[in-house]
Amino acid sequence: MTSHSIEEIAAALGAEALGAVSLRVTGAAEPQAAAPDELALAMTPAYGEALTRGRARAAVIWPGADWQALGLEAAIVAPRARLAMAQLTQLLDSAPSGPGEVHPSAVIGESARVDGALIGPLCVVGEGAEIGAGTRLEAHVTVAPGARIGQDCRLAAGVRIQRNCRIGDRVILQPNATIGGDGFSFVTRDVSNAERARAALGDARLEPPEDPVWHRIHSLGGVEIGDDVEVGSNSAVDAGTIRATRIGRGTKVDNLVQVGHNVVIGEDCLICGATGIAGSTVVGDRTVLGGATGVVDNLKIGSDVVTGAGTLVLSNVPSGRIMMGSPAMPMTAHLASYKALRRLPRLLRDLASAKKPVPKPDPND
Amino acid sequence: MTSHSIEEIAAALGAEALGAVSLRVTGAAEPQAAAPDELALAMTPAYGEALTRGRARAAVIWPGADWQALGLEAAIVAPRARLAMAQLTQLLDSAPSGPGEVHPSAVIGESARVDGALIGPLCVVGEGAEIGAGTRLEAHVTVAPGARIGQDCRLAAGVRIQRNCRIGDRVILQPNATIGGDGFSFVTRDVSNAERARAALGDARLEPPEDPVWHRIHSLGGVEIGDDVEVGSNSAVDAGTIRATRIGRGTKVDNLVQVGHNVVIGEDCLICGATGIAGSTVVGDRTVLGGATGVVDNLKIGSDVVTGAGTLVLSNVPSGRIMMGSPAMPMTAHLASYKALRRLPRLLRDLASAKKPVPKPDPND
Amino acid sequence: MTSHSIEEIAAALGAEALGAVSLRVTGAAEPQAAAPDELALAMTPAYGEALTRGRARAAVIWPGADWQALGLEAAIVAPRARLAMAQLTQLLDSAPSGPGEVHPSAVIGESARVDGALIGPLCVVGEGAEIGAGTRLEAHVTVAPGARIGQDCRLAAGVRIQRNCRIGDRVILQPNATIGGDGFSFVTRDVSNAERARAALGDARLEPPEDPVWHRIHSLGGVEIGDDVEVGSNSAVDAGTIRATRIGRGTKVDNLVQVGHNVVIGEDCLICGATGIAGSTVVGDRTVLGGATGVVDNLKIGSDVVTGAGTLVLSNVPSGRIMMGSPAMPMTAHLASYKALRRLPRLLRDLASAKKPVPKPDPND
């Protein structure tokens with residue numbers, strides 16, 4: 001990392017600099033681990049004690065902290081800790097960039113357009129594909145024939161872009177993310193076990209169907225990803241059937257997330273790790289799906305919805321709702337059910353004992 | 001896409017063509033988005049209104065639809081909508097194929113046999129591996145030494161086939177799918193925490209074991225995948241210990257699915273996204289595991305079983321059962337429990353208030 | 001496989017050999033499938049009958065088995081079946097190894113150090129990266145500039161090692177595993193929907209925030225993986241923010257596991273398939289997280305903890321606890337709740353019928 005003065009960093013953060021503001025640091029560290037040339041990050045009072053154990057001369061501190069009493073020579077005051085982290089880590093990030101260049105080991109289709117893009121070693125870009133200026137493909141990236149990728153994107157190692165995909169500008173795709181694999185869409189000639197189960201009343205027993213062969217519905221619609229989207233490591237976004245699966249501008253998708261065929265996700269959403277959204281479900285804007293949320297197919301999830309970790313969504317959710325539980329309920333109902341469930345064993349014991357005839361007094365007493 | 005006449009398409013679907021059957025279309029689209037040269041897909045009455053908003057001249061419609069009133073010049077009647085989709089999308093799919101050819105950038109072992117296969121750029125095929133005629137490896141596919149892949153398969157970018165794997169004919173493996181990674185199988189010298197927990201009664205506290213080192217059980221058995229199987233993006237099928245992990249003919253596995261070592265899955269099953277099946281479990285034929293189903297190790301799941309999304313299977317399931325919930329119960333029992341759970345908080349309030357002494361009348365009233 | 005005598009195998013297992021101990025076998029098999037030159041594995045009495053159906057002349061048997069009555073010529077007695085499996089499968093594993101060598105198709109940075117390592121076809125090793133002697137990179141592995149990998153490791157096809165990662169000795173990374181992708185860490189300028197939901201009391205409705213744009217916190221801390229760690233196929237371990245995400249010595253991580261940024265996992269843990277551990281959570285030593293366990297962010301999970309499959313951990317867990325359920329409870333409480341839940345529908349029916357007025361006698365009776 002190159003070095004930065006406290007003054008420069010504070011300016012980049014739009015924050016106040018105090019003390020020896022020309023002091024220079026080469027990186028950031030946790031308070032107890034900070035070296036003398038590192039900026040300690042102590043953005044809440046909980047880190048105060050750790051600061052005194054480290055060797056930092058400068059720190060980002062919480063509003064109101066007595067930086068001199070904490071043994072610092074310089075300080076930056078951060079009113080919103082995580083926002084300061086965003087700005088600071090961006091400043092310190094020495095991610096390589098540079099002029100467009102194609103590594104000689106990459107295989108680029110003759111009709112592909114990659115002017116101004118940086119194509120890393122052993123990448124494959126198919127015929128007719130287009131990659132925008134300023135976009136960087138790390139090693140081992142595959143771009144299918146005809147796919148289009150915007151400007152200033154970063155595609156990490158092992159990313160797969162399949163046919164009919166259109167990726168916006170400033171999109172970040174983490175390693176081994178798959179965009180545009182075929183949708184999981186199959187149908188039997190007659191009514192299948194899955195259809196019978198959906199229609200079943202009571203505890204129907206399913207019998208072997210006469211013709212159990214699954215016929216494949218091909219995925220012709222590709223994927224459309226808006227500007228400023230991020231998709232995490234080893235996640236998969238499937239192609240739509242006859243129109244694109246869509247992820248809206250500014251939405252961030254974590255690792256190991258499954259986005260099914262025909263799904264539409266709006267703008268500025270957060271889709272946390274290990275979440276799955278099944279085929280044709282529509283999600284609004286600014287919705288946050290907590291880790292390992294499951295959403296079944298063909299639902300409508302509104303805007304400004306938040307689900308807790310592990311929520312299983314089996315029916316439509318109106319905008320603005322906070323949902324939890326498996327199956328999902330509004331937060332209050334879920335918490336009440338959970339509390340009641342924990343008290344239930346005792347209740348059942350009490351009721352059982354209440355049913356017993358009152359024991360007669362022992363005549364020997 | 002090349003163009004097809006309505007008559008040709010109807011014939012391919014085994015369906016009835018009506019009106020100007022020689023009209024030609026170049027693709028398919030949703031009713032409201034269809035261009036004049038696209039075939040609108042309006043297979044249920046719900047799409048009728050959307051048809052009138054689009055510009056399609058021809059559509060696939062539901063039985064009984066008044067196609068002329070819907071403003072169409074030609075129509076195809078589809079009695080089973082999704083089956084027609086399967087046939088139609090296959091017809092319209094312009095997936096590349098061609099004579100066997102090896103891209104010059106691929107690395108092919110001298111003793112590998114790839115006659116008639118299409119090997120894409122930067123693939124690696126190990127010594128002694130065999131790849132059948134008509135099979136296509138997209139870019140960046142790895143086939144380990146000695147692995148065998150049948151005819152007319154498609155292995156998408158980033159697929160990994162490890163040692164001792166045998167893949168049937170017409171198998172489709174989506175991007176970044178891993179077949180034959182080592183099983184997760186470890187043992188400690190003495191009784192481990194995991195074993196103690198299984199044997200525990202009551203709330204035993206686990207103490208540090210004397211020798212906590214995990215010894216590795218190697219995976220020598222590989223994977224056997226039957227004909228017409230599909231495995232989704234970023235899914236993993238682990239190698240068996242001393243015999244193969246097996247996936248039966250015609251079974252379809254979705255994205256981000258984990259199939260543990262020694263698992264046996266029967267024929268014509270659907271294993272939906274984000275499902276995990278732990279080691280040595282056996283699944284019958286035609287079974288459908290809904291999204292994010294979890295099945296623990298060493299179980300027997302019968303044939304014609306269907307699980308709902310998010311089901312956690314902790315014990316054997318007989319054939320023909322519909323299971324839901326976490327832990328899994330038969331559907332009726334699960335729905336009854338869920339309904340009861342939602343009513344429970346009120347019940348507890350009622351019971352609590354019933355216990356309170358009856359308030360005495362206010363003498364001032 | 002090369003052949004081994006019963007005597008040699010028993011010696012390698014530290015076990016007792018009986019009968020014709022010079023008999024040679026070329027591999028291991030399940031009892032019913034064993035060929036005459038294969039060692040049958042029949043380590044519990046449940047396999048006795050299967051032995052008589054196979055053609056094995058020698059077997060690994062349980063203590064006390066009458067090997068002659070089972071039709072065997074030679075036998076090895078295994079007091080701890082799975083430990084014998086570990087030793088035996090290691091002995092029979094013919095995984096290739098050999099002197100360090102760099103495949104001519106690999107792309108190695110000029111300043112990278114790979115002496116004594118085996119670099120497979122089409123691997124990429126970035127500038128300044130270091131790979132220890134005896135380490136084997138299979139095909140299509142990416143090692144970012146500056147990453148460090150220890151000795152005697154095995155990195156399977158498609159493994160991605162991102163910048164700032166340090167991997168210990170004897171580490172095994174399964175195909176398509178991703179180490180060091182960027183953490184999922186975003187912040188809005190003002191209070192986000194996610195923050196509002198955490199603070200919400202009752203069923204607050206979330207309204208669109210004024211500025212919904214997610215700002216990215218960059219991941220500068222990389223990943224540190226200790227000696228003897230294994231990470232499964234298609235799993236992802238994210239980079240830390242300003243210090244490394246850490247996985248301790250001897251810990252084994254299964255397939256499709258998500259380890260979030262800043263997470264610290266101790267030594268000798270087992271993290272089973274499809275588990276997700278969210279950002280900044282700390283896990284102790286020897287802890288076993290069952291399949292599809294979810295752990296939310298910023299928690300402390302102690303040492304010697306065991307969670308059942310599908311456990312959802314929403315709060316800190318002290319050392320030594322056995323946890324189950326979604327949300328997690330101590331095992332006994334979970335089992336009691338589950339039992340009570342199954343009895344609940346009947347209870348509600350009973351209570352409902354008790355409330356009904358007693359029907360009056362029919363005067364016509």
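Residue numbers (full-length UniProt numbering), protein chains in the order written: chain A, 1 to 365; chain B, 1 to 365; chain C, 1 to 365.
Just so you know, even glycine gets a beta-carbon here, dropped at the ideal spot from N, CA and C.
Remember, it's a predicted structure, so these values are computed and weren't measured experimentally.
Within 10 angstroms of the Cβ of residue i, are there 16 or more other Cβ atoms? Answer buried if so, exposed if not.
i, result
"E210 (chain B)", "exposed"
"T275 (chain B)", "buried"
"R198 (chain C)", "exposed"
"P345 (chain B)", "buried"
"N298 (chain B)", "exposed"
"S337 (chain C)", "buried"
"R205 (chain C)", "exposed"
"D203 (chain B)", "exposed"
Classify residue i as helix, strand or coil using the three-state DSSP reduction.
i, result
"R346 (chain C)", "helix"
"D45 (chain A)", "The question names Asp, yet the displayed sequence has Pro at residue 45 (chain A). Three-state result, P45 (chain A): helix."
"P175 (chain B)", "coil"
"D365 (chain A)", "Unreliable placement is indicated for D365 (chain A), whose pLDDT of 46 sits below 50; the coordinate value is still reported in the next sentence. In this structure, D365 (chain A) counts as coil in the three-state DSSP scheme."
"V68 (chain C)", "Checking the sequence, you will find Gln at residue 68 (chain C) rather than Val. Coil."
"E16 (chain C)", "strand"
"E7 (chain B)", "helix"
"A50 (chain A)", "helix"
"R246 (chain A)", "strand"
"Q32 (chain C)", "helix"
"L137 (chain A)", "strand"
"residue 454 (chain C)", "For residue 454 (chain C) there is no data in the structure shown, the boundaries of chain C being 1 and 365."
"T142 (chain A)", "strand"
"A117 (chain C)", "coil"
"A40 (chain B)", "strand"
"R160 (chain B)", "strand"
"residue 367 (chain A)", "Here chain A has residues from 1 to 365 only, and residue 367 (chain A) is not among them."
"R57 (chain A)", "coil"
"A81 (chain A)", "helix"
"Q90 (chain C)", "helix"
"residue 421 (chain C)", "Since the first residue shown for chain C is 1 and the last is 365, residue 421 (chain C) is missing from the structure and cannot be characterised."
"A236 (chain B)", "strand"
"L122 (chain A)", "coil"
Could you round the C-beta distance between residue i and residue j to whole angstroms and report it? I think they count as a contact, below 8 Å.
i, j, result
"R231 (chain B)", "Q174 (chain B)", "With the sequence shown as reference, residue 231 (chain B) is identified as Val, and Arg is not the correct amino acid for it. Sure, about 7 Å apart at Cβ, within 8 Å."
"T141 (chain C)", "A157 (chain C)", "Checking the sequence shown, residue 141 (chain C) turns out to be Val, not Thr. With 8 Å as the limit, V141 (chain C) and A157 (chain C) qualify as a contact, their Cβ atoms being about 7 Å apart."
"D169 (chain B)", "G150 (chain B)", "4 Å"
"G132 (chain A)", "L118 (chain A)", "Between L118 (chain A) and G132 (chain A) the Cβ distance is about 11 Å, and since that is not below 8 Å, they are no contact."
"residue 394 (chain A)", "G279 (chain A)", "The first residue shown for chain A is 1 and the last is 365, placing residue 394 (chain A) beyond what the model contains."
"E38 (chain C)", "T26 (chain C)", "7 Å"
"A69 (chain C)", "M43 (chain C)", "That belief does not hold up - the Cβ atoms of A69 (chain C) and M43 (chain C) are roughly 17 Å apart, past 8 Å."
"V288 (chain B)", "I301 (chain B)", "11 Å between Cβ atoms; not a contact."
"A59 (chain B)", "L270 (chain C)", "Incorrect: roughly 55 Å between the Cβ atoms, too far for contact."
"P36 (chain A)", "A50 (chain A)", "At roughly 16 Å, the Cβ-Cβ gap does not stay under 8 Å, so P36 (chain A) and A50 (chain A) are not in contact."
"S315 (chain A)", "G284 (chain A)", "At roughly 15 Å, the Cβ-Cβ gap does not stay under 8 Å, so S315 (chain A) and G284 (chain A) are not in contact."
"V282 (chain C)", "V306 (chain C)", "About 17 Å; that fails the 8 Å criterion."
Tell me which residues of the stretch 143-170 of chain A have at least one Cβ-Cβ distance to chain C shorter than 8 Å, keeping chain order. A156, A157, G158
As an exercise, report each continuous beta strand (DSSP E) stretch of at least 3 residues that is fully enclosed by the stretch 168-227 of chain C, in chain order. 178-181, 223-225
What residues from the stretch 235-252 of chain B come within 8 Å of chain C, judged by C-beta to C-beta, listed N to C? S235, A236, D238, T241, I242, R243
Could you name the residues of the stretch 276-301 of chain A whose beta carbon sits closer than 7 Å to any beta carbon of chain C, in the order they occur along the chain? R286, V288, G291, A292
Check distances from the C-beta atoms of the stretch 36-56 of chain B to those of chain A and list, in chain order, the residues that come in under 8 Å. L41
By the 8 Å beta-carbon criterion, what residues does the stretch 256-277 of chain A contribute toward chain C? L256, E267, D268, L270, C272, G273, A274
Using a Cβ-Cβ cut-off of less than 7 Å, give me the residues of the stretch 323-339 of chain B that come near chain A, in sequence order. S326, P330, M331, T332, Y338
Mind listing which residues of the stretch 207-221 of chain B have their C-beta closer than 8 Å to chain C's C-betas, in chain order? E207, P208, P209, P212, V213, W214, H215, R216, I217, H218, S219, L220
Taking beta-carbon pairs under 8 Å, can you tell me which members of the stretch 118-130 of chain B lie near chain A? G120, P121, L122
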